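Novice: Have a look at the structure that comes next, please.
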Amino acid sequence: MADSNDSENENLDDYTTKKVTEGIENLLEEKDLKIKWRKELEDNPAVQAYFDEYRGNPMKSFIDNYLNTKYLSHQYGDMYKKMVESKQERYINEAHRQLEYILQKQLFDMQCLWRAGQLDIAGIEVTNDFKVWEADILNCPFLEAISKDDIAMYQTFLDQKNLDPAYLDNYLEWQNYDEIKESYTLNNDDEYQIMPDWYEFHNNRTGKGSLLLLPDHKGEQESFYIKIFRDNEAKNSEKPINIIPTDDRPFLSSYDNEVIKFFVNTFEDSESQKKYKYYIEGSKNSDNYDLKNTIDCIVNADDLIPVESHFNVLEAIDIAYNSYYLKKIAEHLPMAYEQYLFSKKMGFDFESKKDSFYISLSNDLKQIILAGRKLNGEEQNFNY
898 MADSNDSENE NLDDYTTKKV TEGIENLLEE KDLKIKWRKE LEDNPAVQAY FDEYRGNPMK
958 SFIDNYLNTK YLSHQYGDMY KKMVESKQER YINEAHRQLE YILQKQLFDM QCLWRAGQLD
1018 IAGIEVTNDF KVWEADILNC PFLEAISKDD IAMYQTFLDQ KNLDPAYLDN YLEWQNYDEI
1078 KESYTLNNDD EYQIMPDWYE FHNNRTGKGS LLLLPDHKGE QESFYIKIFR DNEAKNSEKP
1138 INIIPTDDRP FLSSYDNEVI KFFVNTFEDS ESQKKYKYYI EGSKNSDNYD LKNTIDCIVN
1198 ADDLIPVESH FNVLEAIDIA YNSYYLKKIA EHLPMAYEQY LFSKKMGFDF ESKKDSFYIS
1258 LSNDLKQIIL AGRKLNGEEQ NFNY
């Protein structure tokens, strides 16, 4: 029988196998704990005396129910504790993250000046070095410390009407010079704009958008040396012989909904096709998840959140909570700022977030540029 079960399990996918294994382990743990706890309670004289105060024989039925409650507390207590702590720390954690965005703008402005040849920065040799420090912005050694004026400006930024919190941390490439410059200089109305809202607000307040109009001398020179290197490599390399037969068939995605739909309609019976159709229709309700989450946040908020009149009640709720959420972050910014200043004063390093990929990319780029300069009869340094 065991061999038969083992054979059947081999035909299960990894996800289901893991669920079965964990399910069995959890049931066995629940059984052992409840047996242990019941014995401890029933053998405890104080517990027995407690139940003697009540008529009938309530001990067994009470303990049956109590053990279920105790097991749920045992299993989920830590999780709910973290949820409570998470709620309390949510805004201060978010405020700490906004400090990074203040520094990202400072780094980006320095990048513009460096590319134009108007600023020398110790440790910056190639354009990709800015990506290295983007990932570890709090530990960047050449940035000025955040000031009270920076905090005040960012609080004003957060106080903008209809600012969407979703866009606060929606930029994975704060130092993407090429795309941000293109977005600024083209000044078009495309739906997709790479310019971060914070950068645009800062530029409007400080006039530093003009830095994006400076020439990109460093970037152009890098491209020049990289081309020399690649042209030389192509000229001196032999064309490889392809001994592996090519396969022109396309790859199949396991997560393409259209492919799954075709598979169901082609290979499944009519009953399975109906269930799949109902499942897809029903799962569309998950689009309301964000709204449900917003309402939960409003209900669990520590303050009353005013909702202004609006022709669409759902949008009114969303706008009201967004405004409240940003207000709470702004309120917690000074606290995050004080902690930041204390760490700077004491010389503490912030948690390192260095990305080995960008470090490796910078090192490779430096070798290529130096080789390109050598091929061009120039000194092997980055003084260009």
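For the sequence shown, our numbering begins at 898 and goes up steadily by one.
C-beta: ideal position from N, C-alpha, C; glycine also.
Please read these numbers as outputs of a predicted model, since none were measured by experiment.
1) Could I get the ranges of all uninterrupted alpha helix (DSSP H) runs contained in the stretch 1083-1129, with 4 residues as the minimum, in chain order?
2) E1088 to Q1072, Cα distance in whole Å?
3) Which of the three DSSP states, helix, strand or coil, is assigned to A1063?
4) Determine the direct distance from the alpha carbon of N941 to that of N1065, and round the result to whole angstroms.
5) With DSSP run on the structure shown, which of helix, strand or coil describes D1046?
6) So does the stretch 995-1015 actually touch the stretch 1190-1209, counting three or more Cβ pairs closer than 8 Å?
7) At the level of alpha carbons, what is the spacing between G1116 and Y1122?
8) Return the first residue and the last residue of the alpha helix (DSSP H) that Y912 is part of.
9) Roughly how many angstroms lie between the CA atoms of I989 and Y1237, to the nearest whole one?
10) What is the rounded straight-line gap between the Cα of Q1222 and the Cα of N1129?
11) Does G1274 pass the burial test, meaning 16 or more other C-beta atoms within 10 Å, or should it be called exposed?
12) Please determine if the stretch 954-971 and the stretch 1011-1028 are in contact, where contact requires at least 3 C-beta pairs separated by less than 8 Å.
13) Under the assumption that D1022 contacts F1254 (Cβ atoms under 8 Å), give the Cβ distance between them as a whole number of angstroms.
14) Could you check if N1025 is buried or exposed, using at least 16 other CB atoms within 10 Å of its CB as the buried criterion?
15) Determine the direct distance from the alpha carbon of L1000 to that of H1114, and round the result to whole angstroms.
16) Once the 5 residues before and after R1102 are set aside, which same chain residues still bring their CB inside 7 Å of it?
17) Going by the beta-carbon positions, is the gap between Y1081 and F1005 smaller than 8 Å?
18) For W1011, which of helix, strand or coil comes out of DSSP?
19) Which of the three DSSP states is assigned to Y951 in this structure?
20) Are the Cβ atoms of I1226 and L1055 separated by less than 8 Å?
21) Is R1270 near Q1277, with beta carbons less than 8 Å apart?
22) What residue from K1058, Q1003, L1060, R1146 has the CA that sits closest to F1039's CA?
23) Once you ignore the five residues that flank E1033 on each side, which residues in its own chain have a CB closer than 7 Å to its CB?
24) Return the chain-ordered list of same chain residues with a C-beta closer than 7 Å to the C-beta of E927, the five sequence neighbours on each side being excluded.
25) Is the Cβ-Cβ distance between L925 and H971 less than 8 Å?
26) Is it right to say D840 is buried, meaning 16 or more other beta carbons lie within 10 angstroms of its own, or is it exposed?
27) I need the boundaries of the alpha helix (DSSP H) containing V1029, first residue and last residue.
Specialist: To lay it out plainly:
1) 1094-1103
2) Unreliable placement is indicated for E1088, whose pLDDT of 49 sits below 50; the coordinate value is still reported in the next sentence. Rounded to the nearest angstrom, the two C-alpha atoms are 21 Å apart.
3) helix
4) Note that residue 1065 is Leu in the sequence shown, not Asn. If I take the Cα positions, the gap works out to 57 Å.
5) helix
6) no
7) 10 Å
8) 911-939
9) 12 Å
10) Note that residue 1222 is Tyr in the sequence shown here, rather than Gln. For Y1222 and N1129, the distance between alpha carbons rounds to 56 Å.
11) exposed
12) no
13) Here the sequence assigns Glu to residue 1022, which means Asp is not the residue at that position. Wrong, their Cβ atoms sit about 18 Å apart, outside the cutoff.
14) buried
15) 24 Å
16) M1050
17) no
18) helix
19) coil
20) yes
21) yes
22) Q1003
23) Checking the displayed sequence, the identity of residue 1033 turns out to be Asp instead of Glu. Excluding residues within five positions, the ones whose Cβ falls inside 7 Å are S1249, K1250, K1251.
24) Y968
25) no
26) Outside the displayed span of the chain (898 to 1281) sits residue 840, for which this structure offers no information.
27) 1026-1032
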